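As given, the protein sequences belong to chains A and B, one line each in that order.
To convert, take the position in the first sequence, counting from 1, and add 38; that gives the numbering used here.
To convert, take the position in the second sequence, counting from 1, and add 5; that gives the numbering used here.
These notes are about the structure you will find just below.
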Amino acid sequence: MAVIADFAFQGAQMLLVLLLAPLLTGFVRKVKARLLRRQGPPLTQPYRDLIRLLRKDVVLADNASWLFRVVPYLVFAATWVAASLVPTFRSGLMFSWTADLIAIISLLGSARFFLALAGMDVGTAFGGIGSSREAMIASLAEPAMLMIVFAIALIAGSTQLSTMAAFMNSPEVGLRVSLGLGLIALVIVAIAENARIPVDNPATHLELTMVHEAMVLEYSGRHLALIELSAMLKLLLYMSLIACLFAPWGIGGAGAGAGLLLIGVGAYVAKLAGGGFLLAVFETSIAKMRVFRVPEFLVAALMLALLATLLRFVSRSF
Amino acid sequence: MVVAALSCVLVLLALAPLAIAVRASSRASILIYGACLLVTLTLAIIALLALLGHAGPATAVTLPLGLPWLGAHFRIDALSAFFLLVIDLGGAAASLFALGYGRHEEEPGRILPFYPAYLAAMNVVLLAADAFSFLVAWEVMSLASWALVIAHHRDSENLRAGYVYLLMAGFGTLMLLLTFGLLAAGSGSYDFETIRAAHPTAGAAALVLILALLGAGSKAGLVPLHAWLPLAHPAAPSHVSALMSGVMTKVAVYGFIRIVFDLVGAPAWWWSMPVLALGAASAVMGVLYALMQRDLKRVLAYSTIENIGIVFVALGLALAFEASAMESAAALALTAALLHVFNHSLFKNLLFCGAGAVLAATGERDLEKLGGLIHRMPQTAFVFLIGATAISALPPLNGFVSEWLTFQAILLSPQLPSWGLKLMVPAVGALLALSAALAAACFIRVFGIAFLGRPRSAAATAAHETDTNSLSAMYALAALCFVAGILPGLFIDALAPVTRLIVGQSMHAQSAIEWLSIVPIAESRSSYNGLLVFVFMAMSGLIAAFIIHRLASDRIRRGPAWGCGYPDAGPRTQYSADSFAQPIRRVFGTLIFSARENGEMPPPGSVAPARLTVTLRDPVWDWLYAPISAFIAYAGEKLNTLQFLTIRRYLSLVFAALVLLLLVLAIWP
């Protein structure tokens with residue numbers, strides 16, 4: 039019985055992240071539109087877009103290889119697995135020990151690896167420019183992310199997200215310098231990884247300024263739907279990650295009852311809404327950077343995270 | 006066991022003269038490579054049995070060879086058994102590949118005799134249990150590989166590579182000779198057993214560490230001793246490149262572990278610092294160099310430097326933990342190092358074989374002339390992709406597991422007592438993370454430029470799939486990469502006897518953990534399950550594909566590429582290897598390689614093409630090798646006058662030298 043319940047919770051989390059991801063993106067778009075005094079599309083627009091794309095034919099470039107057709111599924115699978123391993127409303131899920139935070143980050147790395155390859159498959163200049171810039175951004179964002187993981191793992195004594203969330207929820211955490219530095223760095227990395235302003239513009243129509251959108255330029259139909267859905271899942275993943283590490287309130291423990299779980303789901307949705315709102319405000323108040331300013335932005339994150347880790351190595355009290 | 010292994014080696018040695026005898030025959034390469042394949046497979050099985058503890062009673066043997074008062078000692082313990090396995094698996098794969106690839110060789114007589122001798126020498130290095138046999142085998146290994154490097158001797162670049170290699174190999178052997186001299190001076194014998202029992206003074210031990218780092222490090226390709234490696238590894242025929250990069254660097258790692266962990270005795274706290282520093286520098290510099298190269302095989306050679314750096318970082322951590330009496334952490338770090346040694350031997354062999362297949366199919370190593378090979382060589386592309394994913398440390402393949410274990414070891418290091426290490430290890434961790442991310446960028450570039458897109462030359466357009474033997478070798482390696490990625494627990498458990506031998510403890514048994522996870526310390530702390538990650542990914546991908554194809558749409562139309570509506574402009578408009586690396590060159594290269602981009606625009610109205618020139622400088626070559634070579638040239642110039650003295654002056658020189666030596670003898674305490 040307990041096993042069935044465990045499976046059910048794991049399945050529920052997988053479905054929850056999948057269903058909430060487009061809603062979160064729709065919410066961010068809506069808030070951004072309202073901040074610009076526009077009406078904005080309805081919250082359900084991303085779902086409609088996805089369904090519309092799924093129903094359309096795929097138009098493949100003449101020289102697209104098998105890899106080009108496999109990559110959307112690979113990217114989606116890796117992102118979905120990663121997103122369902124981050125605690126959302128309940129920690130200590132059945133398969134939560136399958137991958138720790140380092141492995142989750144690397145799963146996203148796998149997704150990016152294949153997406154960048156797909157960008158180069160057709161052999162157009164735009165795909166190449168997107169892949170090459172994505173590789174450059176990743177080469178700085180990934181080490182920054184790993185250093186953030188190190189800093190937090192050294193505080194929590196674990197790289198396991200369930201343990202980390204439980205520790206962050208306990209009173210022994212307190213206010214720490216290294217945690218503050220880690221949070222700033224994590225936000226910077228999350229912005230870069232999700233191709234948001236000021237690193238990249240998810241709504242751009244000017245090809246030369248695109249990074250992520252240039253990479254997936256040749257995709258259409260169901261392939262594009264999967265890639266869009268993966269991008270939405272990734273945004274949700276980073277929001278859940280920040281929420282789970284820095285605002286773990288309300289996450290049910292391993293033995294939580296129905297009431298606590300309801301609170302957990304409610305708190306999770308509220309945290310996502312808060313995060314989405316902040317992201318929209320941030321995006322509307324700042325301009326996009328030139329591509330070669332991005333490394334400086336990311337190196338700042340890397341240095342902050344390294345500093346946080348160093349502080350932990352120097353003293354246990356920071 | 007030892008006797009069986011030595012008889013296999015003897016067969017390999019006997020193959021060398023046989024190869025000279027039959028070199029003219031058309032079936033010579035099949036005969037020699039087939040025999041090498043059989044013998045290395047036998048050796049691999051012997052090594053596996055020895056590693057898993059099914060060794061017979063006699064694991065040591067002394068033969069009346071070599072120095073008359075010493076004899077030649079041979080022994081198999083867990084450490085040498087593990088490295089024997091790595092070397093002979095790699096050797097078997099390379100031999101199988103060569104069964105097909107060797108047919109492209111124009112002058113097989115320049116390769117066939119040296120190939121089995123090279124394999125034999127590497128095996129003897131691992132079997133040797135005294136300094137004399139070790140060094141002789143080491144030198145034979147160097148010379149045989151040198152002969153293979155200059156096999157294609159009509160290319161002047163290969164001759165230069167051979168020359169630099171010979172110099173650096175000589176330097177490395179000299180350092181090892183001094184290492185063993187110091188060790189023997191303390192113990193009174195060249196026999197490893199006696200050396201191990203003696204305890205050198207702290208100063209002598211420190212000197213041994215430095216010399217071993219220089220000697221083994223130059224063979225392994227640690228920055229800044231790596232200069233020969235990217236020249237020599239690509240120059241050899243591809244199956245030999247695979248052996249040199251995938252396997253011979255591991256012999257060097259073995260030499261380092263044998264000397265520093267086994268023979269010298271207990272390490273001092275600071276020993277780990279030079280090892281960590283050189284390892285981290287190699288990891289980052291290696292992959293940055295790799296990103297700047299256009300030659301496919303040279304990219305792979307530089308990436309070997311990166312991976313050796315990762316291995317040395319893990320070894321440095323193991324030294325640090327061992328010096329602080331944290332045995333379980335030392336076991337974790339050492340397991341990470343050894344697992345990475347094993348993993349790297351798999352995927353680097355695979356990638357070099359893939360590069361060989363591309364070279365055979367197109368005659369090109371220049372990335373800028375390749376492209377679109379995934380259509381013409383689909384199977385090679387598939388296995389190369391597996392190798393590229395594995396070497397980029399991406400789950401669920403094997404490269405990720407060893408990097409993950411290294412990161413877990415780094416996370417244990419705040420408990421180290423020394424302040425120097427406390428400040429150094431986080432920086433090393435950041436460099437390691439940087440190198441992992443850059444490695445992924447590097448292999449996106451290699452695979453994306455060589456295999457994807459549209460062909461950039463006529464040769465790439467006319468490429469065809471490689472032969473069955475080469476493919477089966479690559480498939481075997483790819484399958485091993487996959488298995489080692491999803492079932493890492495089995496491989497970690499197989500390493501337990503080695504870590505017990507070296508640091509006195511091993512990671513707890515992993516294969517007993519439910520669902521075949523790997524748990525380095527405790528489940529609440531960290532765990533990873535490659536099998537489940539793979540199953541989940543496969544399931545969610547397949548379910549998504551099934552649902553979408555069933556409920557939504559499964560139709561496909563083909564059309565010209567969209568490319569934002571620009572008309573098809575030919576393959577030259579694609580991103581090239583250089584343009585792919587441009588952002589990274591701009592971010593990292595301006596500092597490290599003093600990269601400069603110089604664009605020349607034609608004057609207004611002119612129809613001349615614009616030119617973009619990129620200049621890169623190699624800092625290691627500029628700051629280390631160029632001054633040394635300039636000094637040697639200068640000194641040679643000056644000393645040249647000594648050749649033209651009169652007999653009186655020569656006699657007075659002899660007299661002065663005699664007086665000086667007598668004085669030294671008199672003053673010497």
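Note that CB positions come from ideal geometry on N, CA and C, so glycine has one too.
Note that the coordinates shown come from a computational prediction; the quantities given were computed from them, not determined experimentally.
CA nearest to the CA of Val256(B), picked from Phe649(B), Tyr38(B), Val130(B) and Ala499(B): Selected option, being the one with the closest Cα: Val130(B).
Hey, Trp274(B) and Ser329(B): beta-carbon distance below 8 Å or not? Contact flag set, yes.
Evaluate Phe456(B) with the Cβ neighbour count: other Cβ atoms within 10 Å of its Cβ, from every protein chain shown; 16 or more gives buried, anything less gives exposed. By the neighbour-count rule (16 or more Cβ atoms within 10 Å), Phe456(B) is buried.
What runs of the beta strand (DSSP E), each 3 residues or longer, lie entirely inside the segment 34-92 of chain B? The beta strand (DSSP E) runs lying completely inside the segment 34-92 of chain B and spanning 3 residues or more are 65-68 and 77-80, given in chain order.
Exposed unless 16 or more other CB atoms sit within 10 angstroms - verdict on Asp238(A): So Asp238(A) ends up on the buried side.
What does Asp198(A) touch in chain B if you count any residue whose Cβ is under 8 Å from its own? According to the sequence provided, residue 198(A) is Gln. The question's Asp does not apply to it. The contacting residues are Glu528, Ser529, Arg530, Ser531 and Ser532.
In angstroms, rounded to a whole number, what distance separates the CA positions of Met249(B) and Val269(B)? Rounded to the nearest angstrom, the gap between the Cα atoms of Met249(B) and Val269(B) is 27 Å.
Report, in whole angstroms, the separation of the C-beta atoms of Leu435(A) and Thr347(A), which I expect to be a contact under 8 Å. Since the displayed chain A opens at 39 and closes at 356, residue 435(A) lies outside it and no answer follows.
Kindly give me the distance between the Cβ atoms of Ala252(A) and Phe164(A), rounded to whole angstroms, as I take these residues to be in contact under 8 Å. Ala252(A) to Phe164(A), Cβ: 5 Å. Contact.
Using a Cβ-Cβ cut-off of less than 9 Å, give me the residues of the segment 151-167 of chain A that come near chain B, in sequence order. Hits within the stretch, in order: Phe151, Phe152, Ala154, Leu155, Ala156, Gly157, Met158, Asp159, Val160, Gly161, Thr162, Ala163, Phe164, Gly165, Gly166 and Ile167.
May I ask you to list, following chain order, the residues of the segment 322-341 of chain A that have a beta carbon less than 8 Å from some beta carbon of chain B? Those residues of the segment 322-341 of chain A that come within reach of chain B (Cβ to Cβ, closer than 8 Å) are Val329, Phe330, Pro333 and Leu340.
Identity of the residues DSSP links to Arg708(B) by a beta bridge: This structure does not reach residue 708(B), given that chain B is present from 6 up to 674, and the question cannot be answered.
Is the Cβ of Gly256(A) closer than 8 Å to any Cβ of chain B? The sequence as given places Glu at residue 256(A); Gly does not occur at that position. Yes, because at least one Cβ of chain B sits closer than 8 Å to the Cβ of Glu256(A).
Would you call the segment 170-186 of chain B and the segment 217-232 of chain B touching, i.e. three or more CB-CB distances under 8 Å? At 8 Å Cβ cutoff, the stretches touch.
Report buried or exposed for Trp276(B), applying the criterion of at least 16 other Cβ atoms within 10 angstroms of its Cβ. Per the 10 Å Cβ criterion, buried.
Helix, strand or coil, according to DSSP, for Val269(B) in the structure here? Val269(B): coil per DSSP, three-state reduction.
Determine the contact status of Ile1(B) and Gly368(B), defining contact as a CB-CB distance below 8 Å. Nothing can be reported for residue 1(B): it is not among the residues displayed for chain B, which extend from 6 to 674.
Taking the C-alpha atoms as reference points, what is the distance between Leu416(B) and Phe188(A)? A direct Cα-to-Cα measurement between Leu416(B) and Phe188(A) gives close to 7 Å.
Interface residues of chain A facing Tyr580(B) [CB-CB closer than 8 Å]: The CB of Tyr580(B) comes closer than 8 Å to the CB of Met158, Ala163, Gly165, Gly166, Ile167, Ser169 and Ser170 in chain A, given here in chain order.
From Ser558(B), Arg303(B), Met429(B) and Ala288(B), residue whose alpha carbon lies closest to that of Leu344(A): Proximity to Leu344(A) across Ser558(B), Arg303(B), Met429(B) and Ala288(B) peaks at Met429(B), based on C-alpha coordinates.
So, do the segment 216-230 of chain A and the segment 28-48 of chain B have three or more beta carbon pairs nearer to each other than 8 Å? Touching, no, given that fewer than three Cβ pairs across the two stretches are closer than 8 Å.
Continuous beta strand (DSSP E) assignments of at least 3 residues falling wholly in the segment 433-518 of chain B: For the beta strand (DSSP E) assignment, the segment 433-518 of chain B encloses no uninterrupted run of at least 3 residues.
Determine which residues of the segment 557-570 of chain B have a Cβ less than 9 Å from any Cβ of chain A, and write them out in chain order. Correct list: Ala557, Ser558, Asp559, Arg560, Ile561, Arg562, Arg563, Gly564, Pro565, Ala566, Trp567, Gly568 and Cys569.
Output, in sequence order along the chain, the residues in the segment 111-140 of chain A whose CB is closer than 7 Å to any CB in chain B. Residues passing the 7 Å Cβ filter: Tyr111, Leu112, Phe114, Ala115, Ala116, Trp118, Val119, Phe133, Trp135, Thr136, Ala137, Asp138 and Ile140.
Please list the terminal residues of the continuous beta strand (DSSP E) segment that includes Ala330(B). Where Ala330(B) is concerned, there is no enclosing beta strand (DSSP E), because DSSP gives it neither an H nor an E.
Per DSSP, Arg128(A) forms a beta bridge with which residues? Under the DSSP definition of a beta bridge, Arg128(A) partners with Gly290(A).
Whole angstroms is fine: what's the gap from Leu339(B)'s alpha carbon to Phe87(B)'s? The straight-line gap from Cα to Cα measures roughly 13 Å.
When the cut-off is 8 Å and only beta carbons count, does Pro84(A) lie next to chain B? It does not; no Cβ of chain B falls within 8 Å.
I want to verify the contact list: residues of chain A whose CB lies under 9 Å from the CB of Thr394(B), in sequence order. Residues of chain A with a Cβ closer than 9 Å to the Cβ of Thr394(B) are, in chain order, Ser148, Phe151 and Phe152.
Verify the CB distance criterion: does Lys3(B) have a CB-CB separation below 8 Å to chain A? Outside the modelled stretch of chain B, which goes from 6 to 674, sits residue 3(B), for which no answer is possible.
Straight-line CA distance for Phe539(B) to His345(B)? Cα-Cα distance, rounded: 20 Å.
First and last residue of the uninterrupted beta strand (DSSP E) at Ile116(B): Note, Ile116(B): premise wrong, no beta strand (DSSP E); not H, not E.
Helix, strand or coil: which one does DSSP assign to Val228(B)? Here Val228(B) sits in coil by DSSP.
Look at Ser85(B) and Leu132(B) and say whether their C-beta atoms are less than 8 Å apart. A contact, by the Cβ cut-off of 8 Å.
Would you call Lys353(B) buried or exposed, if buried means 16 or more other Cβ atoms sit within 10 Å of its Cβ? It counts as buried.
Nearest-angstrom Cβ-Cβ length linking Ala446(B) and Ile589(B), presumed shorter than 8 Å: About 6 Å separates the two Cβ atoms, so the contact holds.
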